[in-house]
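To keep things clear, I will list the structure first and then write my remarks on it.
Number of protein chains: 2
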Amino acid sequence: MIPFNKPYLTGKETIYIEDAVKSGKISGNGKYTKKCQEYFESNYGFKKCLLTTSCTDALEMAAILCNVEPGDEVIVPSYTFVSTALAFVRQGAKIVFADSRKDHPGIDEDIIETLITSKTKAIVPVHYAGVACDMDKIMSLADKYNLFVVEDAAQAIDSFYTGADGVKRALGSIGHLSAFSFHETKNIISGEGGMLCINDERFSKRAEIIWEKGTNRAEFFRGEVNKYGWVDTGSSFLPSEVTAAFLWAQIENLQFIQAKRKAIWEKYYKLFSQPTENDFSLPFIPDYASNNAHMFYLVCENLQQRTELINKLKDNDILAVFHYLSLHKSEFYQAKHDGRELPECDRYSDCLVRLPMFFELTDEEIQMVWEVIRTPVSK
Amino acid sequence: MIPFNKPYLTGKETIYIEDAVKSGKISGNGKYTKKCQEYFESNYGFKKCLLTTSCTDALEMAAILCNVEPGDEVIVPSYTFVSTALAFVRQGAKIVFADSRKDHPGIDEDIIETLITSKTKAIVPVHYAGVACDMDKIMSLADKYNLFVVEDAAQAIDSFYTGADGVKRALGSIGHLSAFSFHETKNIISGEGGMLCINDERFSKRAEIIWEKGTNRAEFFRGEVNKYGWVDTGSSFLPSEVTAAFLWAQIENLQFIQAKRKAIWEKYYKLFSQPTENDFSLPFIPDYASNNAHMFYLVCENLQQRTELINKLKDNDILAVFHYLSLHKSEFYQAKHDGRELPECDRYSDCLVRLPMFFELTDEEIQMVWEVIRTPVSK
Numbered sequence: 001m002i003p004f005n006k007p008y009l010t011g012k013e014t015i016y017i018e019d020a021v022k023s024g025k026i027s028g029n030g031k032y033t034k035k036c037q038e039y040f041e042s043n044y045g046f047k048k049c050l051l052t053t054s055c056t057d058a059l060e061m062a063a064i065l066c067n068v069e070p071g072d073e074v075i076v077p078s079y080t081f082v083s084t085a086l087a088f089v090r091q092g093a094k095i096v097f098a099d100s101r102k103d104h105p106g107i108d109e110d111i112i113e114t115l116i117t118s119k120t121k122a123i124v125p126v127h128y129a130g131v132a133c134d135m136d137k138i139m140s141l142a143d144k145y146n147l148f149v150v151e152d153a154a155q156a157i158d159s160f161y162t163g164a165d166g167v168k169r170a171l172g173s174i175g176h177l178s179a180f181s182f183h184e185t186k187n188i189i190s191g192e193g194g195m196l197c198i199n200d201e202r203f204s205k206r207a208e209i210i211w212e213k214g215t216n217r218a219e220f221f222r223g224e225v226n227k228y229g230w231v232d233t234g235s236s237f238l239p240s241e242v243t244a245a246f247l248w249a250q251i252e253n254l255q256f257i258q259a260k261r262k263a264i265w266e267k268y269y270k271l272f273s274q275p276t277e278n279d280f281s282l283p284f285i286p287d288y289a290s291n292n293a294h295m296f297y298l299v300c301e302n303l304q305q306r307t308e309l310i311n312k313l314k315d316n317d318i319l320a321v322f323h324y325l326s327l328h329k330s331e332f333y334q335a336k337h338d339g340r341e342l343p344e345c346d347r348y349s350d351c352l353v354r355l356p357m358f359f360e361l362t363d364e365e366i367q368m369v370w371e372v373i374r375t376p377v378s379k
Numbered sequence: 380m381i382p383f384n385k386p387y388l389t390g391k392e393t394i395y396i397e398d399a400v401k402s403g404k405i406s407g408n409g410k411y412t413k414k415c416q417e418y419f420e421s422n423y424g425f426k427k428c429l430l431t432t433s434c435t436d437a438l439e440m441a442a443i444l445c446n447v448e449p450g451d452e453v454i455v456p457s458y459t460f461v462s463t464a465l466a467f468v469r470q471g472a473k474i475v476f477a478d479s480r481k482d483h484p485g486i487d488e489d490i491i492e493t494l495i496t497s498k499t500k501a502i503v504p505v506h507y508a509g510v511a512c513d514m515d516k517i518m519s520l521a522d523k524y525n526l527f528v529v530e531d532a533a534q535a536i537d538s539f540y541t542g543a544d545g546v547k548r549a550l551g552s553i554g555h556l557s558a559f560s561f562h563e564t565k566n567i568i569s570g571e572g573g574m575l576c577i578n579d580e581r582f583s584k585r586a587e588i589i590w591e592k593g594t595n596r597a598e599f600f601r602g603e604v605n606k607y608g609w610v611d612t613g614s615s616f617l618p619s620e621v622t623a624a625f626l627w628a629q630i631e632n633l634q635f636i637q638a639k640r641k642a643i644w645e646k647y648y649k650l651f652s653q654p655t656e657n658d659f660s661l662p663f664i665p666d667y668a669s670n671n672a673h674m675f676y677l678v679c680e681n682l683q684q685r686t687e688l689i690n691k692l693k694d695n696d697i698l699a700v701f702h703y704l705s706l707h708k709s710e711f712y713q714a715k716h717d718g719r720e721l722p723e724c725d726r727y728s729d730c731l732v733r734l735p736m737f738f739e740l741t742d743e744e745i746q747m748v749w750e751v752i753r754t755p756v757s758k
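So the sequences go chain by chain: A and B. The opening position of the first sequence corresponds to residue 1 in the working numbering, with each subsequent residue numbered one higher. The opening position of the second sequence corresponds to residue 380 in the working numbering, with each subsequent residue numbered one higher.
This is how it looks when you write it as structure tokens:
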């Protein structure tokens with residue numbers, strides 16, 4: 001049986017967890033939380049990082065920091081995970097869903113401007129499969145219309161964008177705020193987990209308060225105020241040191257993990273670039289984007305072909321899975337959606353299939369997946 | 380140095396974490412999550428339990444389930460942790476703060492009725508130090524005025540209330556909903572962590588949806604629907620299997636931990652029941668309440684005496700700490716508060732001090748704490 005995903009343990013996770021417990025501090029914002037945050041700040045150009053219990057929570061923090069409130073509109077791709085929209089819905093926003101690109105499941109940057117109104121407060125690009133959206137286009141719209149950009153970088157750790165200025169910037173370091181995920185399906189993991197990155201320093205102080213239940217506890221422990229209390233809204237967004245210690249063991253091996261994943265991805269790409277008896281498209285990576293080997297997917301011709309492909313793989317003990325369903329057609333949002341058709345989004349909902357992708361996937365297993373897929377699945 | 384708190388490791392935590400990783404599933408709602416939830420459901424009479432990333436998150440789920448919205452009022456004690464109020468503030472509620480009892484820091488049950496208006500939606504009693512509020516009084520008000528009761532049972536694991544009917548019920552099993560904490564300072568821990576208990580089955584199905592980002596994923600995996608999607612509001616409230624595996628090791632030792640904590644508490648109580656040269660009150664436990672030995676506190680005569688006591692303990696390498704500050708006087712809420720004086724709450728804010736209390740606290744250390752406190756601290 002080849003699973004779709006298999007969490008990878010570096011071996012140090014439980015050692016660091018025991019160390020955290022022995023230090024007498026396993027609630028949030030301790031030694032390992034700081035180590036993780038400092039690593040990301042030092043290596044990826046994020047101005048300030050705060051670990052969270054999930055990427056959803058990081059997006060909620062971003063929505064609060066942008067002061068999103070009822071009456072505001074937020075532009076979000078419809079082909080994304082529920083949380084991208086939900087975090088802003090919880091603040092009362094109306095979601096204006098954008099279609100995907102023809103060549104990539106990410107947001108179609110060229111239609112964003114047509115969706116901007118006087119009520120628009122933020123744009124939330126999602127770097128699908130860790131492949132960059134065209135951030136120059138998005139940031140220039142944000143400048144022009146005075147909007148916030150929140151990067152949903154859930155899948156985008158260690159991935160980059162090279163803009164017109166020729167500078168290669170880490171995804172998550174470009175928007176005003178960004179959110180990462182360390183869910184077990186991601187490149188580095190802590191089971192559930194996430195991170196908010198703050199690139200616009202206007203948000204830094206307030207982010208720390210919102211993170212710790214609306215209290216100025218962090219300032220208190222730095223000796224900046226002489227007692228701490230309730231000063232703002234917020235929630236308990238911070239993860240335990242158990243979670244952070246686990247993540248630290250993964251971070252230490254990030255480059256090792258990335259090298260392996262990239263080799264797996266390249267192997268897939270090379271095999272699938274050969275002619276087959278099936279029609280499907282391979283992942284497209286624009287020149288401005290890097291590939292962090294988060295995911296290997298195919299885009300089938302239609303829903304029937306995809307269903308047959310998934311079933312054929314399953315018959316061969318290989319688990320491949322489809323991905324998002326158009327959020328604008330969801331039970332929760334369809335009546336609130338403005339009625340625009342989003343055909344590309346619907347196409348990826350019907351036709352995209354993700355192949356097994358994890359650190360321990362062997363060359364033989366990749367070959368097996370290829371052998372099953374290369375032969376016809378649909379008459 | 381005697382710390383105020385020291386997390387206790389049973390020794391099985393990292394073994395279960397490794398087991399979770401080896402099973403290939405460390406995101407939420409896996410084997411250990413279910414084991415923990417089933418334990419609490421079987422042993423404490425909670426109808427349905429859902430682990431959460433924090434008690435704050437469990438309270439937020441309760442606020443969403445009660446459909447709390449702008450215009451609603453929620454009655455909350457002012458002497459409590461920020462989250463008790465904040466979770467309802469996030470849904471737009473106005474908080475109506477209640478004073479504490481004269482004999483106990485918990486909510487004064489006898490004034491609750493005077494605070495109920497046509498806008499009141501819920502009452503949120505906090506079982507301070509794990510000692511029950513008078514739930515008969517509170518539940519009969521809820522019946523009379525058709526209100527929801529959300530028990531903030533953050534400190535109240537394995538503690539009980541015996542009502543007029545003579546039945547001994549677990550705290551957290553009496554209100555419509557209740558929230559527990561497994562923060563490192565609690566009797567059993569997972570670093571950060573919490574649990575929502577649902578006693579009114581009308582909430583069960585929706586709770587599961589809200590817990591998993593507003594999706595009907597749980598129903599899908601039980602085969603009750605043939606695909607899952609976005610059907611409601613919610614967030615990522617569920618903890619990882621890493622967190623749940625840690626908690627399971629604690630739960631297995633719950634009775635062992637409780638026996639030890641109760642012995643520590645009794646030792647404190649016996650020592651401090653002797654005459655001293657200082658005036659302070661000891662914890663009061665009403666006949667209807669059990670004692671889960673979560674906390675040992677003293678109530679000093681005034682702020683000066685408490686400050687001197689804390690300082691004297693500190694000079695002797697003993698860490699004792701004060702607790703909450705009146706939320707109705709917080710920077711965030713004072714202008715929104717209706718202006719009522721809450722003198723008992725202010726008194727506990729000024730006068731209550733918590734002594735070191737943790738599993739590994741020795742008899743000798745307890746004796747040392749007593750020796751420092753028995754002699755005068757204030758002229």
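Note that the Cβ used here is the ideal one computed from N, Cα and C, for glycine as well.
Next on the checklist: I'd like to know if A:K379 contacts chain B, where contact means its C-beta is closer than 8 Å to some C-beta of that chain.
Outcome noted: Residue 379 of chain A sits at position 379 when you count from the first residue of the first sequence. Reliability fails at A:K379, whose pLDDT of 45 lies under 50, so the model's placement of it is uncertain and the value that follows must be treated cautiously. It does not: the Cβ of A:K379 has no partner Cβ on chain B nearer than 8 Å.
Checklist entry - Contact check, A:A245 vs A:I17 under 8 Å by CB: the rounded distance? => result Here residue 245 of chain A corresponds to residue number 245 of the first sequence, with the count starting at 1. Here residue 17 of chain A corresponds to residue number 17 of the first sequence, with the count starting at 1. Right, the Cβ-Cβ distance comes to about 5 Å (below 8 Å), so this counts as a contact.
Item to check | Nearest-angstrom Cα separation, counted from B:L650 out to B:I745 | outcome: Looking up residue 745 of chain B in the second sequence gives position 366. Looking up residue 650 of chain B in the second sequence gives position 271. Cα to Cα, the separation comes out at about 9 Å.
Next on the checklist: Three or more C-beta pairs under 8 Å: does that hold for the region 595–602 of chain B against the region 617–634 of chain B?
Outcome noted: no
Checklist entry - Residues bridged to B:K428 by DSSP? => result Counting from one through the second sequence, the residue named residue 428 of chain B turns up at place 49. The sequence as given places Cys at residue 428 of chain B; Lys does not occur at that position. Answer by DSSP bridge pairing, in chain order: B:C576.
Checklist entry - If you drop the 5 nearest sequence neighbours on each side, which residues of the same chain put their C-beta closer than 8 Å to that of A:C20? => result For the purposes of this step, residue 20 of chain A is identified with residue 20 of the first sequence, where counting begins at 1. The identity of residue 20 of chain A in the sequence shown is Ala, whereas the question assumes Cys. Excluding positions up to five away in sequence, the list reads I26, G30, K31, Y32, E241, V242, A244, A245.
Checklist entry - Around the C-beta of A:K186, are 16 or more other C-beta atoms found within 10 angstroms, so that it is buried, or is it exposed? => result Translated into the one-based positions of the first sequence, residue 186 of chain A becomes position 186. Flag for A:K186 reads buried.
Checklist entry - Going along chain A, which residues have a C-beta under 9 Å from B:N609? => result Your numbering for residue 609 of chain B matches position 230 in the second sequence. Checking the displayed sequence, the identity of residue 609 of chain B turns out to be Trp instead of Asn. Within chain A, the residues near B:W609 are V82, A85, L86, L325, L327, S330, E331, F332, Y333.
Next on the checklist: Taking beta-carbon pairs under 8 Å, can you tell me which members of the region 229–250 of chain A lie near chain B?
Outcome noted: G229, W230, V231, D232, T233, G234, S235, S236, L238, P239, S240, E241, V242, T243, F246
Next on the checklist: Nearest by alpha-carbon distance to A:M61: which of A:K6, A:G45, A:L86, A:A98 is it?
Outcome noted: Locating residue 61 of chain A in the first sequence gives position 61, counting from the first residue. The shortest Cα separation from A:M61 among A:K6, A:G45, A:L86, A:A98 belongs to A:L86.
Item to check | Between the CA atoms of B:A477 and B:L520 - distance to the nearest angstrom | outcome: Counting from 1 along the second sequence, the entry for residue 520 of chain B is found at position 141. Counting from 1 along the second sequence, the entry for residue 477 of chain B is found at position 98. Roughly 15 Å separates the two Cα atoms.
Item to check | Beta-ladder partner(s) of B:V732, from DSSP | outcome: Translated into positions along the second sequence, residue 732 of chain B becomes position 353. DSSP, once it has assigned bridges, lists B:L677 as partnering B:V732.
Next on the checklist: Between B:S433 and chain A, is the shortest Cβ-Cβ distance under 8 Å, so that the two count as touching?
Outcome noted: Against the second sequence, residue 433 of chain B aligns to sequence position 54. Judged by the 8 Å Cβ criterion, B:S433 is in contact with chain A.
Next on the checklist: Three or more C-beta pairs under 8 Å: does that hold for the region 106–115 of chain A against the region 626–646 of chain B?
Outcome noted: no
Next on the checklist: Short of 7 Å in beta carbon distance, which residues of its chain neighbour B:V505, apart from the five on each side in sequence? Order them along the chain.
Outcome noted: The residue you call residue 505 of chain B lines up with position 126 of the second sequence. The answer, listed in chain order, is P456, T459, T463, G485, I486, D531.
Next on the checklist: Please report the straight-line C-alpha distance between B:K773 and B:W590, rounded to a whole angstrom.
Outcome noted: Residue 773 of chain B is absent from the structure shown; chain B starts at 380 and stops at 758.
Item to check | Enclosing beta strand (DSSP E) for B:L556 [first to last residue] | outcome: Locating residue 556 of chain B in the second sequence gives position 177, where the first residue counts as 1. Looking at the DSSP string, the run of the beta strand (DSSP E) that includes B:L556 is 556–560.
Item to check | Beta-carbon proximity check, B:A628 vs B:K391, cutoff 8 Å | outcome: Taking the second sequence and counting its residues from 1, the one referred to as residue 628 of chain B is at position 249. Taking the second sequence and counting its residues from 1, the one referred to as residue 391 of chain B is at position 12. Taking 8 Å as the Cβ cut-off, B:A628 and B:K391 qualify as a contacting pair.
Item to check | Host alpha helix (DSSP H) of A:I75 (start-end) | outcome: Within the first sequence, numbered from 1, the residue matching residue 75 of chain A stands at position 75. Element bounds for A:I75: not the alpha helix (DSSP H) but the beta strand (DSSP E), 73–77.
Checklist entry - Which bits of chain B does A:G28 rub up against, with CB to CB less than 7 Å? => result Here residue 28 of chain A refers to the residue found at position 28 of the first sequence. Per Cβ cutoff of 7 Å: E571.
Checklist entry - Taking C-alpha atoms, which residue in A:A129, A:V369, A:D143, A:L342 lies nearest to A:A388? => result Lying outside 1 to 379, the shown extent of chain A, residue 388 of chain A is not represented and no answer is given.
Checklist entry - Can you tell which of A:L51, A:A156, A:V96, A:R90 has its C-alpha closest to the C-alpha of A:N292? => result Within the first sequence, numbered from 1, the residue matching residue 292 of chain A stands at position 292. A:N292 has its Cα closest to that of A:A156, out of A:L51, A:A156, A:V96, A:R90.
Next on the checklist: Between A:R354 and chain B, is the shortest Cβ-Cβ distance under 8 Å, so that the two count as touching?
Outcome noted: What you label residue 354 of chain A is simply residue 354 of the first sequence in a count that begins at 1. False, the Cβ-Cβ gap to chain B never drops below 8 Å.
Checklist entry - In the region 85–116 of chain A, which residues sit with their C-beta less than 7 Å from some C-beta in chain B, listed in chain order? => result L86, V89, R90
Checklist entry - Would you call the CB atoms of A:V150 and A:A179 closer than 8 Å? => result For the purposes of this step, residue 150 of chain A is taken as residue 150 along the first sequence, with counting starting at 1. For the purposes of this step, residue 179 of chain A is taken as residue 179 along the first sequence, with counting starting at 1. Yes.
Next on the checklist: Just checking B:G593 against the ligand FMN - is the residue's beta carbon closer than 7 Å to any of the ligand's heavy atoms?
Outcome noted: For the structure depicted, the ligand FMN is absent and the ligand set is empty, with no information on it obtainable.
Checklist entry - Nearest to B:E563 by alpha carbon, out of B:G554, B:G573, B:L556? => result On the second sequence, position 184 is the one that residue 563 of chain B refers to. Looking at the Cα atoms, B:G573 is the closest of the given residues.
Next on the checklist: Measuring straight from C-alpha to C-alpha, what distance separates B:L526 and B:T499?
Outcome noted: The residue labelled residue 526 of chain B in the question sits at position 147 within the second sequence. The residue labelled residue 499 of chain B in the question sits at position 120 within the second sequence. Distance between the alpha carbons of B:L526 and B:T499: 7 Å.
Checklist entry - Short check: CB of A:M295 to CB of A:M368, under 8 Å? => result Here residue 295 of chain A refers to the residue found at position 295 of the first sequence. Here residue 368 of chain A refers to the residue found at position 368 of the first sequence. Taking 8 Å as the Cβ cut-off, A:M295 and A:M368 do not qualify as a contacting pair.
Next on the checklist: When you compare the CB positions of A:E277 and A:P376, do they come within less than 8 Å of one another, or not?
Outcome noted: Stepping through the first sequence from its first residue, residue 277 of chain A is reached at position 277. Stepping through the first sequence from its first residue, residue 376 of chain A is reached at position 376. Closer than 8 Å, so yes.
Checklist entry - Counting contacts by CB-CB distance shorter than 8 Å, is B:P386 in contact with chain D? => result Among the protein chains in the structure shown, which are A and B, there is no chain D.
Checklist entry - If you measure from the beta carbon of A:E18 to each beta carbon in chain B, is any gap under 8 Å? => result The residue labelled residue 18 of chain A in the question sits at position 18 within the first sequence. Chain B contact via Cβ: present.
Checklist entry - What is the DSSP secondary structure of B:K758, reduced to helix, strand or coil? => result Looking up residue 758 of chain B in the second sequence gives position 379. Residue placement at B:K758 is poorly supported in this model, since its pLDDT is 44, which falls under 50; the coordinates are not used for a value here.
Checklist entry - So, A:S159 versus A:A132, is the Cβ gap smaller than 8 Å? => result For this step, residue 159 of chain A is matched to residue 159 along the first sequence. For this step, residue 132 of chain A is matched to residue 132 along the first sequence. Yes, the Cβ-Cβ distance between A:S159 and A:A132 is below 8 Å.
Checklist entry - From A:L342, A:C49, A:E266, pick the residue whose C-alpha is nearest to that of A:S181; which is it? => result Position 181 of the first sequence, counted from the start, is the residue given in the question as residue 181 of chain A. Measuring from the Cα of A:S181, the nearest candidate turns out to be A:C49.
Item to check | Counterpart residues of B:S615 in DSSP-defined beta bridges | outcome: Stepping through the second sequence from its first residue, residue 615 of chain B is reached at position 236. B:S615 pairs with B:E591.
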